[in-house]
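Peer 1:
Residue numbers (UniProt numbering): 1 to 203.
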């Protein structure tokens, strides 16, 4: 059943509690909800008695989403282990927390595409006791080589990985970028442009 939905993005969600105890957890349910406002959602699985990610988000109202790349996908997978609350996944997975002013949650330093969010809404899903967490993006940090002139982010340039099922990791191969589809004309291929300078930050 976990494999039926095909390839999914792999992200690490970083949080911390009121005592600055950090938590890092891997998720494959992150989805784009809209650009204006910039909303992103993810699914929190049914309560298993320890929901540090959700508890920290509720307490701090902030969290980060960090895309996983080929360079550290094994480290990211390690965060799926059920650690005691007092042990931070950053340490045992050999990943490095990083912070920016105004964001009360840790980023993953190794991630080349990451963003901070402010909690906006939690929607309970009664069918299976899970929850859909919706946040608004406040900051985006992206490696320079992935930013295209038209705003497109070339995630393949970042060696971003995807996952199928719970434990099978994959690299992608681009077929093409296609132009906007219209009824009266067939789509054409879009060429990749040079990378923009600097990091993109949405405030």
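Think of the CB as a built atom: it goes at the ideal place given N, C-alpha and C, for glycine as much as any other residue.
A quick note: this is a predicted structure, and the numbers were derived from the prediction, not measured.
Quick check on the DSSP output: what are the complete beta strand (DSSP E) runs of length 3 or more inside the stretch 93-151, in order along the chain?
Peer 2: Counting only runs of 3 or more, we get 113-125, 130-142.
Peer 1: I'd like to know whether the C-beta atoms of residue 69 and residue 127 end up nearer to each other than 7 Å.
Peer 2: No.
Peer 1: Our contact map puts residue 12 next to residue 76 with C-beta atoms below 8 Å; I'd like the distance itself, whole angstroms only.
Peer 2: Confirmed, about 6 Å.
Peer 1: What is the rounded straight-line gap between the Cα of residue 21 and the Cα of residue 86?
Peer 2: So the two alpha carbons sit approximately 8 Å from each other.
Peer 1: Quick one, are the C-beta atoms of residue 130 and residue 46 less than 7 Å apart?
Peer 2: Yes, Cβ-Cβ distance for residue 130 and residue 46 is below 7 Å.
Peer 1: If you follow the beta strand (DSSP E) that residue 162 is part of, which residue opens it and which one closes it?
Peer 2: That run of the beta strand (DSSP E) goes 161-164.
Peer 1: Counting pairs of Cβ atoms below 8 Å between the stretch 136-151 and the stretch 100-117, do you hit three or more?
Peer 2: With a cut-off of 8 Å, the stretch 100-117 and the stretch 136-151 count as touching, because enough Cβ pairs lie within range.
Peer 1: Would you kindly check if the distance between the Cβ of residue 96 and the Cβ of residue 14 is under 7 Å?
Peer 2: No, they are not a contact pair.
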